[in-house]
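Okay, structure first, notes after.
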Amino acid sequence: MPERLVVSVTSGAQGFEPPFDEDCITANPHALAVALTDADAAGGSLAILRCRDDAGAPLAVWTFARKTIMPGIGVLSAPPVPRYNLCGGPLIGAKGSPACIPAMLDHLKAAHAGPRVLSIKDLPAEGAAWRALEDMADTGQIGISIISRWERAILERSNAADADACLAAAMSRSRLKKLHRNRRALEEGGALTLTAHTGCDAASAFDAFLRLEASGWKGRAGTALSQRPDDSAYVGKVLQAMAAEDRAWVLAMRSGERVLAAGLLLRCGGEASFWKTAYDETQARYSPGVILDMMVTEWLYGQPWFVRMDSGTDDTIDPVSQVWKQRRAMVNAVISLDPGSLPGRLVADALGLRQRLRKLKHRYLDR
Numbered sequence: 147m148p149e150r151l152v153v154s155v156t157s158g159a160q161g162f163e164p165p166f167d168e169d170c171i172t173a174n175p176h177a178l179a180v181a182l183t184d185a186d187a188a189g190g191s192l193a194i195l196r197c198r199d200d201a202g203a204p205l206a207v208w209t210f211a212r213k214t215i216m217p218g219i220g221v222l223s224a225p226p227v228p229r230y231n232l233c234g235g236p237l238i239g240a241k242g243s244p245a246c247i248p249a250m251l252d253h254l255k256a257a258h259a260g261p262r263v264l265s266i267k268d269l270p271a272e273g274a275a276w277r278a279l280e281d282m283a284d285t286g287q288i289g290i291s292i293i294s295r296w297e298r299a300i301l302e303r304s305n306a307a308d309a310d311a312c313l314a315a316a317m318s319r320s321r322l323k324k325l326h327r328n329r330r331a332l333e334e335g336g337a338l339t340l341t342a343h344t345g346c347d348a349a350s351a352f353d354a355f356l357r358l359e360a361s362g363w364k365g366r367a368g369t370a371l372s373q374r375p376d377d378s379a380y381v382g383k384v385l386q387a388m389a390a391e392d393r394a395w396v397l398a399m400r401s402g403e404r405v406l407a408a409g410l411l412l413r414c415g416g417e418a419s420f421w422k423t424a425y426d427e428t429q430a431r432y433s434p435g436v437i438l439d440m441m442v443t444e445w446l447y448g449q450p451w452f453v454r455m456d457s458g459t460d461d462t463i464d465p466v467s468q469v470w471k472q473r474r475a476m477v478n479a480v481i482s483l484d485p486g487s488l489p490g491r492l493v494a495d496a497l498g499l500r501q502r503l504r505k506l507k508h509r510y511l512d513r
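Just so you know, we're using our numbering here: the sequence shown kicks off at 147 and counts up by one.
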């Protein structure tokens, strides 16, 4: 590890070179998405915190959007596209180290202008980056206010020898038997296959995904991607850019020629992120979404780069309902560069109130 770390903040993705390591100390596929697209998705407010070694090689990146959360109080918000980015943590390449975290935050602390508060959603509360943040908080360098905690389902390759062993450990024998019966029922139109569309093939597969999603409850509610042109343009741009690097796939489960379920998967090093999913709701009684998860598990175990997969769910999703039974501790948090400062407390209080109102809304809708 070089002795000197060089940190900078840039305002756009142009010239943003992330550490494209196959092995990462901390992974964030969505940081790569920002790198390969541009700042427009964050309303032109992108702020990229970069750490390099003294030879200029990239070691770590942390992507934010500049936002005003209340009059007179600006924040750096991660992830920069919160609706469609599922991780707000930093990306540290294999050549970096947890020392990149204090180096980046010390750079922000030394700046006399700009936000002094970081608002971070979907931050893994474990691993090297989190321990570095905790160490800084313990020594009084930063303040951390936890807005909410939850667990996210993940799939760890090391927990099972193969996909069959993984699924057998995750589900009861009776549930597996039922799902196998459902799988046979779905094969009446032809054998079930899973195709991983990437490269130039990803665009047409994404169009089919949009049609499948719009045919279900999201289409009826008006929230399908195809009904939000700016959002679908962003997701499509990310898929196209990352698929060109063999870092994104549209995984389509078909019976014959009919698409029954599909998912969008992104990759950073050995970690995949399950971005979005859709299924044919006319076949809901046969659990096509769950069977897609099973087939994705089988596909992942066949990939030499695969180390883990993050389900990408937020704190409204019960991980017990998912196929994958390993867990990752997650938080939504506010980091104050001036511990105990009024702006930090105000932002934490405001976000805490918004979080409580959001949960009340979900409980009301669930009824």
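Where a beta carbon is used, it is the ideal one built from N, C-alpha and C, also for glycine.
Same chain, Cβ closer than 6 Å to residue i, five either side skipped, listed in chain order
i      : result
Tyr425 : Ala407, Pro434, Gly435
Ala394 : Leu385, Met388, Leu412
Ser154 : Arg196
Tyr432 : Asn328, Ala331, Leu332
Lys364 : Ala370
Asp461 : Ser294, Trp296
Lys267 : Pro228, Gly234, Asn478
Rounded straight-line distance, which links the Cα of residue j to that of residue i
i      : j      : result
Ile300 : Lys471 : 7 Å
Tyr230 : Val381 : 8 Å
Ala100 : Arg150 : In the structure displayed, the chain extends from 147 to 513; residue 100 sits before or after that span and is not available.
Arg298 : Ser318 : 21 Å
Leu168 : Pro204 : According to the sequence provided, residue 168 is Glu. The question's Leu does not apply to it. Straight-line Cα distance between these residues: approximately 14 Å.
Ile463 : Ala271 : 17 Å
Gln373 : Ala283 : 43 Å
Ala185 : Gly158 : Because the pLDDT at Ala185 is just 49, under 50, the model does not fix this residue reliably, and the value given afterwards should be weighed accordingly. Going from the Cα of Ala185 to the Cα of Gly158 covers about 5 Å.
Ala494 : Arg329 : 47 Å
Gly402 : Ala337 : 6 Å
Pro228 : Arg295 : 17 Å
Gly345 : Thr183 : 15 Å
Ala211 : Val405 : 36 Å
Glu302 : Thr339 : 24 Å
Arg198 : Asp353 : 38 Å
Ser320 : Ala249 : 52 Å
Asp281 : Asp200 : 25 Å
Leu192 : Gly260 : 13 Å
Arg500 : Ser487 : 20 Å
Cys414 : Lys241 : 15 Å
Thr423 : Asp252 : 39 Å
Lys383 : His343 : 15 Å
Ala390 : Arg474 : 29 Å
Thr341 : Phe452 : 17 Å
Chain-order list of residues whose beta-carbon lies under 8 Å from that of residue i (same chain, five-residue window excluded)
i      : result
Phe162 : Thr156, Val180, Ala181, Ile194, Arg196, Val207
Gly286 : Pro485
Ser378 : Leu356, Leu371, Ser372
Asn305 : Cys312, Ala315, Gln472
Met216 : Leu492, Val493, Ala496
Pro489 : Ile219, Arg262, Val263, Ser482
Glu334 : Ser401
Pro375 : none
Gln449 : none
Lys323 : none
Anticipated Cβ contact below 8 Å, residue i with residue j, distance rounded
i      : j      : result
Val469 : Met440 : 6 Å
Val221 : Ser265 : 5 Å
Gly218 : Pro225 : Contact doesn't hold; Cβ gap of about 24 Å is too wide.
Ile437 : Leu325 : 6 Å
Leu358 : Gln429 : At roughly 11 Å, the Cβ-Cβ gap does not stay under 8 Å, so Leu358 and Gln429 are not in contact.
Leu269 : Met476 : 7 Å
Ala351 : Ala398 : 6 Å
Gly362 : Glu427 : 4 Å
Cβ-Cβ distance between residue i and residue j below 8 Å
i      : j      : result
Gly273 : Thr172 : yes
Leu237 : Cys170 : yes
Arg262 : Leu503 : no
Leu356 : Leu371 : yes
Ala479 : Ile293 : yes
Arg454 : Gly409 : no
Ser419 : Asp392 : no
Pro165 : Gly239 : yes
Residue i at chain B interface by Cβ criterion, 8 Å
i      : result
Arg366 : Structure shown: chain B not included; a single protein chain is present.
Beta-carbon contacts of residue i that lie in its chain and below 7 Å, excluding the five residues immediately before and after
i      : result
Gly458 : Leu232, Ser419, Phe420, Trp421
Gly96  : Past the boundaries of the shown model lies residue 96; the chain is included only from 147 to 513, so the question cannot be answered.
Ser98  : Past the boundaries of the shown model lies residue 98; the chain is included only from 147 to 513, so the question cannot be answered.
Trp276 : Pro270
Arg513 : Only weak support is given to the placement of Arg513: the predicted model assigns it a pLDDT of 48, under 50, and the value that follows is read from those uncertain coordinates. Around Arg513: no qualifying Cβ.
Three or more C-beta pairs below 8 Å linking the segment 443-456 and the segment 309-318: yes
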